[in-house]
Amino acid sequence: MLETSARLLRLLSLLQLPRDWTGTELAQRLGVSGRTIRTDVQRLRDLGYPVAATRGNVGGYRLGAGADLPPLLLDDDEAVAVTVGLRTATGGAIAGIEEASLRALAKLEQVLPSRLRRRVSALQTYTVPVPRDDAGPSVDTEILTALAAVCRDRERLRFDYADHSGAATVRAVEPYRLVSWGRRWYLFAWDLDREDWRTFRVDRMRPRIPTGPRFAPRELPDDVAAYVSSRVSAAAWRYRARVTVHAPAEVVGERISPAVGVVERVDEHTCVLDTGADSVETLGAHLGLLDADFDVTGPPELVAHLRCLTARYARSTPDR
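Going by the numbering used here, the first residue of the sequence shown is number -17, and it counts up by one from there.
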């Protein structure tokens, strides 16, 4: 049986998991009686930990949110993961979080045991990041957390928005998900005026407070991330093409990401790839990676580029 202080720490660690624990489950985990669990829960409450309890067959204990942040208990792997995550966040795309990340990192590293400090140090010493070639915009922390809150609470939102051309509009939406893609953040929402799903760049948004009334949730697309990435890419494409590919749609779909295009099945051996890119050179590279025969009828710039590539490749492999 654990001593009281060690048992309280173990109990607190269990309660920090995102689930409800019955008194019986906790008693079995700690090897004590249900009465001891009730006593220990009260001790934690006396120390300022907001332990919530619900009655009934499906009731149990859970550590709730309180006015003060209680100490967190992390195992070795969790401590290493948090430390590495904080170091990564210091160079992230969320504005204003770098300084806070550094402060939290300094506090955490100060209390890390030597064995964990060695693991974190090894990761830092022998990991070499490649600088990103896309600077990307930064996102205000308050806006990001405000959007997360309205998604969670299912509250309608009105906001000022600047589209890719800089034109200003006021939008009204039902917000559902935040999607992070590289250094950009997007809000996936149901546009009330257009009565359709839309994706908005968070760095171009200025939410209007207070928020609107709560809404009943709609059925989401099967894969929100794929939905957003395909439409974000399409909106930025300068050149678009519908290419007939002589390969099964399932095979082509495995060779491209949703950001490259959408695959439409024609029959068992043929599909159509609706794709695009900001340049015909990039578009030609995507098509070359399909490793399958394809037919292209436009745009004219793409056709001309592919003919140029054909001649270039032919010159690079002269007959011997």
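C-beta: ideal position from N, C-alpha, C; glycine also. Computed from a prediction, not measured in an experiment: that's the story for all the values here.
Item, Value
"Counting only beta-carbon atoms, is Leu90 nearer than 7 Å to chain B?", "Looking for chain B here will not work: only one protein chain is present."
"Helix or strand or just coil, what does DSSP make of Glu137?", "strand"
"Determine the direct distance from the alpha carbon of Pro281 to that of His268, and round the result to whole angstroms.", "15 Å"
"Which partner residues does Leu156 have in the DSSP bridge list?", "The question names Leu, but residue 156 in the sequence shown is Glu. According to DSSP, Glu156 bridges with Trp172."
"With DSSP as the reference, label Ala61 as helix, strand or coil.", "helix"
"With distances taken between CB atoms, is the gap from Val210 to Leu255 smaller than 7 Å?", "no"
"Which first and last residues belong to the alpha helix (DSSP H) in which Arg97 is found?", "96 to 107"
"Quick one: Cα of Leu(-7) to Cα of Asp178, how far?", "48 Å"
"Can you tell me whether Pro203 is buried or exposed, with buried defined as 16 or more other CB within 10 angstroms of its CB?", "exposed"
"At which residues does the alpha helix (DSSP H) containing Gly148 begin and terminate?", "From DSSP, Gly148 is part of no alpha helix (DSSP H); its letter is neither H nor E."
"Please classify Cys290: is it buried, with 16 or more other beta-carbons within 10 angstroms of its beta-carbon, or exposed?", "exposed"
"Looking at the strands, I want to know which residues DSSP matches up with Glu246.", "Val254"
"Can you say whether Tyr295 is buried or exposed, counting buried as having 16 or more other CB atoms within 10 angstroms of its CB?", "exposed"
"Using the rule of at least 16 other Cβ atoms within 10 Å of the residue's Cβ for burial, across every protein chain shown, is Thr257 buried or exposed?", "buried"
"What did DSSP end up calling Arg(-8) once you bin it into helix, strand or coil?", "helix"
"Among residues of its own chain, excluding the 5 on either side of Val248, which ones have a beta-carbon nearer than 8 Å to its beta-carbon?", "Thr226, Ala231, Val254"
"Counting only runs of 4+ residues fully inside the region 178 to 210, write out the alpha helix (DSSP H) ranges in chain order.", "none"
"Helix, strand or coil for Arg305? Go by DSSP, reduced to three states.", "Lying outside -17 to 302, the shown extent of the chain, residue 305 is not represented and no answer is given."
"Here's the rule: buried if 16 or more other CB atoms are within 10 angstroms of the residue's CB, otherwise exposed. What is Val184?", "buried"
"Check whether the region 134 to 142 touches the region 185 to 200, counting contact only when three or more Cβ pairs, one atom from each stretch, lie closer than 8 Å.", "yes"
"Mind checking who Val227 pairs with in its DSSP beta bridge?", "Cys253, Phe276"
"Would DSSP call Gly30 helix, strand or coil?", "coil"
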